[in-house]
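Each remark here refers to the structure printed beneath this line.
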Amino acid sequence: MNYKSILFFLGIYSLFVSFFSIVNILYSIYFDFTLGLSAYFVTLIVSLVLGSTFYYVGHKHVKDINLIDQIFFITLSYFLIPLLLSIPYALSVYDISILDSYFESVSGFTSTGFSIIESVKNIDDPLVLWRSSSQWLGGLIFILSTIGTIGSKQIRIKPAYLVPGGASGRNFYNNFNYNFIKILLIYSFSTFFIIFIFSFADLRLLDSVNLSFTIISAGGFIPTDNLSTIIYNNSHIFAISVALLFPILNFFLFFDIISRQFNFKIYKETIHLFILVFLLILFIYFLIIPNNGFLNVFFAVVSSVSTSGISTFSSRADLSLFFILLTIIGGSLISTSSGFKYIRFYILLKISYQEIYRLVKPKNIIEKNLFNVGSKIDDQDVNIAFLVFIFFIISIFLLSGILTLDSLTFENSFKLSILTLTNTVNSSLFSMESFTFFDLSFFTKISLIMFMIFAKVEIIAVLYLLKRFIFRE
Numbered sequence: 044m045n046y047k048s049i050l051f052f053l054g055i056y057s058l059f060v061s062f063f064s065i066v067n068i069l070y071s072i073y074f075d076f077t078l079g080l081s082a083y084f085v086t087l088i089v090s091l092v093l094g095s096t097f098y099y100v101g102h103k104h105v106k107d108i109n110l111i112d113q114i115f116f117i118t119l120s121y122f123l124i125p126l127l128l129s130i131p132y133a134l135s136v137y138d139i140s141i142l143d144s145y146f147e148s149v150s151g152f153t154s155t156g157f158s159i160i161e162s163v164k165n166i167d168d169p170l171v172l173w174r175s176s177s178q179w180l181g182g183l184i185f186i187l188s189t190i191g192t193i194g195s196k197q198i199r200i201k202p203a204y205l206v207p208g209g210a211s212g213r214n215f216y217n218n219f220n221y222n223f224i225k226i227l228l229i230y231s232f233s234t235f236f237i238i239f240i241f242s243f244a245d246l247r248l249l250d251s252v253n254l255s256f257t258i259i260s261a262g263g264f265i266p267t268d269n270l271s272t273i274i275y276n277n278s279h280i281f282a283i284s285v286a287l288l289f290p291i292l293n294f295f296l297f298f299d300i301i302s303r304q305f306n307f308k309i310y311k312e313t314i315h316l317f318i319l320v321f322l323l324i325l326f327i328y329f330l331i332i333p334n335n336g337f338l339n340v341f342f343a344v345v346s347s348v349s350t351s352g353i354s355t356f357s358s359r360a361d362l363s364l365f366f367i368l369l370t371i372i373g374g375s376l377i378s379t380s381s382g383f384k385y386i387r388f389y390i391l392l393k394i395s396y397q398e399i400y401r402l403v404k405p406k407n408i409i410e411k412n413l414f415n416v417g418s419k420i421d422d423q424d425v426n427i428a429f430l431v432f433i434f435f436i437i438s439i440f441l442l443s444g445i446l447t448l449d450s451l452t453f454e455n456s457f458k459l460s461i462l463t464l465t466n467t468v469n470s471s472l473f474s475m476e477s478f479t480f481f482d483l484s485f486f487t488k489i490s491l492i493m494f495m496i497f498a499k500v501e502i503i504a505v506l507y508l509l510k511r512f513i514f515r516e
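Residue numbers (our numbering): 44 to 516.
Set out below in structure tokens:
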């Protein structure tokens with residue numbers, strides 16, 4: 044295994060933590076938040092020294108790392124970067140333990156949103172900004188990992204190569220350079236655009252920044268204890284609902300529209316998702332809760348499908364299980380949303396239909412095209428989609444069993460398991476807004492940390508890595 048080259052890429056990611064440390068230092072100094080300032084200086088020094096050392100150790104070695112090295116690099120990133128992000132929590136004046144600090148940072152980095160902080164209004168603005176920044180960084184790295192490795196044609200865990208996106212050839216270093224610059228620019232521009240949307244809707248600038256970091260990454264951290272204190276009128280709800288379309292649709296959609304490269308033929312997945320979201324909104328609004336307002340239903344649906352979960356939703360009808368099932372669907376393969384992903388459902392349904400059709404008319408030749416366009420589905424795509432689904436079901440029951448050991452009811456254990464595996468926050472949408480993570484046992488917190496990471500990295504990728512280590516293939 045090419046450890047030195049892996050350290051080179053980890054060094055680049057670590058330097059991003061240094062960047063956000065500088066942002067928080069400048070913010071704290073400008074607005075005179077000096078009480079926790081030292082924590083960000085420590086984070087800056089640690090991340091800068093570590094990142095620079097890793098970069099120096101690996102910069103002269105071959106950087107075209109193989110598939111196993113790439114998976115190891117991604118998995119290690121999801122354990123190491125949250126460790127750096129946990130420093131401001133552990134060194135803050137709020138008496139947060141090391142485990143709770145790591146739990147909070149992993150929850151942010153995986154864009155889940157579970158929080159051990161019982162009251163956000165009692166912590167200072169720099170730490171709130173730090174929580175939001177951890178999500179933004181996690182979303183960026185997730186997109187890079189999906190396009191460069193997990194979604195590549197060589198491994199096919201997420202068949203991102205079936206939809207338009209970044210480069211995913213065999214030379215990892217060239218792909219990384221190309222994708223990193225392009226994705227960073229699009230991701231940053233999209234973030235600023237969402238900030239503009241919120242500012243236009245007359246939200247406070249700091250709230251706009253925090254919410255934009257949350258939404259672009261499909262995260263769950265909010266800058267207040269209750270979202271309804273800052274999202275309270277129709278213009279606010281419409282703005283946040285539109286913004287939540289970003290983590291649902293193809294990451295490159297808006298870039299291609301602006302650059303005039305958009306083509307309906309290659310964005311069939313996006314059209315399907317638009318239709319799906321539209322039909323779900325109409326179904327819920329007209330047939331289930333017509334008295335809750337169209338915009339509120341719009342917000343609830345896009346928040347669930349995007350696997351963000353943030354909400355101001357309240358209804359007499361208990362629709363929590365329905366909205367939880369929407370989080371399993373997820374958005375586009377090339378997006379920051381988690382979940383099973385819509386295309387995987389589409390692949391399984393289409394292949395099932397074709398197999399039934401083949402039994403009825405065995406002489407007919409059936410083309411296994413995705414959305415009836417150029418990209419073809421093969422047997423390996425079907426097998427992996429089915430395998431991911433099986434592992435998802437097994438993981439739900441396994442995590443539910445672990446959670447019931449901590450005196451949680453079966454309903455809460457089941458809901459929390461699905462939310463963990465879809466990296467979705469426990470909000471009022473799922474009737475779990477009052478659930479607290481602070482009092483959970485050590486073992487339960489560790490279990491949630493592991494499953495939050497596995498959900499983002501994909502359990503199959505982790506098993507693939509373990510198999511290679513154990514059998515030395």
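Glycine residues also receive a C-beta, built at the ideal position from the N, C-alpha and C atoms. None of these values were measured; they are calculated from a predicted model.
Ser-351 vs Asn-293 beta-carbon contact at 8 Å: Walking along the sequence shown from the start, residue 351 turns up at place 308. Walking along the sequence shown from the start, residue 293 turns up at place 250. Their beta carbons are not under 8 Å apart, which means Ser-351 does not touch Asn-293 by this criterion.
Check for me: the alpha helix (DSSP H) holding Leu-119 runs from which residue to which? The count along the sequence shown starts at 1 and reaches residue 119 at position 76. Run containing Leu-119: 110-128, per the alpha helix (DSSP H) assignment.
Can you have a look at Val-149 and say buried or exposed, based on whether 16 or more other CB atoms are within 10 angstroms of its CB? For the purposes of this step, residue 149 is taken as residue 106 along the sequence shown, with counting starting at 1. Counting Cβ neighbours within 10 Å, Val-149 comes out buried, since at least 16 surround it.
Neighbourhood of Gly-79 by C-beta, 8 Å cutoff - its chain only, sequence neighbours within 5 removed: Stepping through the sequence shown from its first residue, residue 79 is reached at position 36. Excluding residues within five positions, the ones whose Cβ falls inside 8 Å are Ser-71, Pro-131, Leu-134, Ser-135, Val-136, Asp-167, Pro-169, Leu-170.
Span separating the alpha-carbon of Glu-516 from that of Ser-188: Position 473 of the sequence shown, counted from the start, is the residue given in the question as residue 516. Position 145 of the sequence shown, counted from the start, is the residue given in the question as residue 188. With a pLDDT of only 49 at Glu-516, under the threshold of 50, the placement of this residue in the model should not be trusted; the figure read from the coordinates follows. If you take the alpha carbons of Glu-516 and Ser-188, they lie about 23 Å apart.
Taking DSSP as the reference, what is the three-state secondary structure of Asn-469? Mapped onto the sequence shown, residue 469 falls at position 426. Reduced to three states, the DSSP call for Asn-469 is coil.
Spatial neighbours of Lys-47 within its chain, please: C-beta separation below 7 Å, excluding the five flanking residues on both sides. Here residue 47 refers to the residue found at position 4 when the sequence shown is read from its first residue. Result list for Lys-47: Val-100, Gly-101, His-104, in chain order.
Bridge partner(s) assigned by DSSP for Asn-412: Within the sequence shown, residue 412 is the residue found at index 369, counting from 1. In DSSP, Asn-412 forms a bridge with Lys-419.
Taking Val-254 as part of the alpha helix (DSSP H), name the residues at either end of that continuous run. Locating residue 254 in the sequence shown gives position 211, where the first residue counts as 1. Per the sequence presented here, residue 254 reads as Leu, with Val not at that position. 248-259 is the span of the alpha helix (DSSP H), which, as asked, contains Leu-254.
Looking only at its own chain, which residues have a Cβ that is under 6 Å from the Cβ of Ser-378, when we skip the five neighbours before and after it? Walking along the sequence shown from the start, residue 378 turns up at place 335. If we look at Ser-378 and ignore the five residues flanking it on each side, its Cβ neighbours are Pro-290, Phe-294.
Could you tell me whether the stretch 275-290 touches the stretch 228-243, using the rule of 3 or more Cβ pairs below 8 Å? yes
Note down, in chain order, each residue of its chain lying with its Cβ closer than 6 Å to the Cβ of Asn-277, except the 5 sequence neighbours on either side. The residue labelled residue 277 in the question sits at position 234 within the sequence shown. So the qualifying residues of the chain are Leu-338.
Over the uninterrupted alpha helix (DSSP H) stretch that includes Asp-143, give me the two end residues. In the sequence shown, residue 143 corresponds to position 100, counting from 1. Unbroken alpha helix (DSSP H) run through Asp-143: 141-152.
When you compare the CB positions of Glu-312 and Ile-390, do they come within less than 8 Å of one another, or not? The sequence position of residue 312 within the sequence shown is 269, counting from 1. The sequence position of residue 390 within the sequence shown is 347, counting from 1. Cβ atoms of Glu-312 and Ile-390: not closer than 8 Å.
Could you give the DSSP three-state label for Gly-444: helix, strand or coil? For this step, residue 444 is matched to residue 401 along the sequence shown. Helix at Gly-444.
According to DSSP, is Pro-290 part of a helix, a strand, or is it coil? By one-based count along the sequence shown, residue 290 stands at place 247. Coil at Pro-290, not helix or strand.
Nearest to Ile-226 by CA position, among Leu-180, Lys-393, Leu-462, Leu-506, is which residue? Locating residue 226 in the sequence shown gives position 183, counting from the first residue. Among Leu-180, Lys-393, Leu-462, Leu-506, the Cα nearest to that of Ile-226 belongs to Leu-180.
Considering only the beta carbon of each residue, do Phe-152 and Ile-114 sit closer than 8 Å? Numbered from 1 along the sequence shown, position 109 holds the residue referred to as residue 152. Numbered from 1 along the sequence shown, position 71 holds the residue referred to as residue 114. Not a contact, by the Cβ cut-off of 8 Å.
Reduced DSSP secondary structure (H/G/I, E/B, other) of Lys-276: Counting from one through the sequence shown, the residue named residue 276 turns up at place 233. With the sequence shown as reference, residue 276 is identified as Asn, and Lys is not the correct amino acid for it. Asn-276: coil per DSSP, three-state reduction.
What is the DSSP secondary structure of Met-493, reduced to helix, strand or coil? Here residue 493 corresponds to residue number 450 of the sequence shown, with the count starting at 1. Reduced to three states, the DSSP call for Met-493 is helix.
Suppose you measure from the CA of Arg-401 to the CA of Ser-418; what does that come to, to the nearest Å? Walking along the sequence shown from the start, residue 401 turns up at place 358. Walking along the sequence shown from the start, residue 418 turns up at place 375. Distance between the alpha carbons of Arg-401 and Ser-418: 21 Å.
Look at Thr-370 and Thr-465 and say whether their C-beta atoms are less than 8 Å apart. Counting from one through the sequence shown, the residue named residue 370 turns up at place 327. Counting from one through the sequence shown, the residue named residue 465 turns up at place 422. It is a contact, given that the beta carbons lie within the stated cut-off.
Can you check which of these residues, Gly-444, Ala-504, Ser-357, is closest to Phe-476 by C-alpha distance? For the purposes of this step, residue 476 is taken as residue 433 along the sequence shown, with counting starting at 1. This sequence places Glu at residue 476; Phe is not what is there. Minimum Cα distance to Glu-476 is reached at Ser-357.
Would Ile-332 and Val-320 qualify as a contact pair, given that the criterion is a beta-carbon distance under 8 Å? Against the sequence shown, residue 332 aligns to sequence position 289. Against the sequence shown, residue 320 aligns to sequence position 277. Contact flag unset, no.
Quick one: give me the first and last residue of the alpha helix (DSSP H) that Gln-178 is part of. One-based indexing of the sequence shown puts residue 178 at position 135. Run containing Gln-178: 168-188, per the alpha helix (DSSP H) assignment.
If you measure between the beta carbons of Thr-155 and Thr-463, is that distance less than 8 Å? Numbered from its first residue, the sequence shown carries residue 155 at position 112. Numbered from its first residue, the sequence shown carries residue 463 at position 420. A contact, by the Cβ cut-off of 8 Å.
So Ile-327 and Ser-470 are in contact, right, with Cβ under 8 Å, and what is the actual spacing, rounded? If you number the sequence shown from 1, residue 327 lands on position 284. If you number the sequence shown from 1, residue 470 lands on position 427. Their Cβ separation, rounded to whole angstroms, is 17 Å, which puts Ile-327 and Ser-470 out of contact at 8 Å.
Suppose you measure from the CA of Tyr-275 to the CA of Val-505; what does that come to, to the nearest Å? As a working mapping, residue 275 is identified with position 232 in the sequence shown. As a working mapping, residue 505 is identified with position 462 in the sequence shown. Cα to Cα, Tyr-275 sits roughly 42 Å from Val-505.
Taking 8 Å as the cut-off, decide whether the C-beta atoms of Leu-491 and Phe-157 are in contact. Here residue 491 refers to the residue found at position 448 of the sequence shown. Here residue 157 refers to the residue found at position 114 of the sequence shown. Closer than 8 Å, so yes.
Among Asn-67, Met-44, Asp-75, Tyr-121, which one has its Cα closest to the Cα of Tyr-56? Numbered from 1 along the sequence shown, position 13 holds the residue referred to as residue 56. Checking every option, the nearest Cα to that of Tyr-56 belongs to Tyr-121.
Option nearest Thr-234 by Cα separation, candidates Leu-127, Ala-261, Thr-467, Asp-112: Taking the sequence shown and counting its residues from 1, one reaches residue 234 at position 191. It is Ala-261 whose Cα lies nearest to the Cα of Thr-234.
In angstroms with no decimal places, state the Cα-to-Cα distance between Thr-86 and Ile-68. Here residue 86 is taken as the residue at index 43 of the sequence shown, counted from 1. Here residue 68 is taken as the residue at index 25 of the sequence shown, counted from 1. Spanning the two alpha carbons is a distance of roughly 10 Å.
Using the Cα positions of Tyr-310 and Val-60, report the straight-line distance between them to the nearest angstrom. Numbered from its first residue, the sequence shown carries residue 310 at position 267. Numbered from its first residue, the sequence shown carries residue 60 at position 17. Their backbone Cα atoms lie some 34 Å apart in a straight line.
For Phe-432 versus Ser-443, is the C-beta distance shorter than 8 Å? For the purposes of this step, residue 432 is taken as the residue at position 389 of the sequence shown. For the purposes of this step, residue 443 is taken as the residue at position 400 of the sequence shown. It is not a contact, given that the beta carbons lie outside the stated cut-off.
Output needed for Phe-281: all residues of its chain with C-beta closer than 7 Å, excluding positions within five of it in sequence on either side, in chain order. As a position in the sequence shown, residue 281 is number 238, starting the count at 1. Answer for Phe-281: Leu-338, listed in chain order.
So, Ile-372 versus Phe-434, is the Cβ gap smaller than 8 Å? On the sequence shown, residue 372 is found 329 positions in, with the first residue counted as 1. On the sequence shown, residue 434 is found 391 positions in, with the first residue counted as 1. No.
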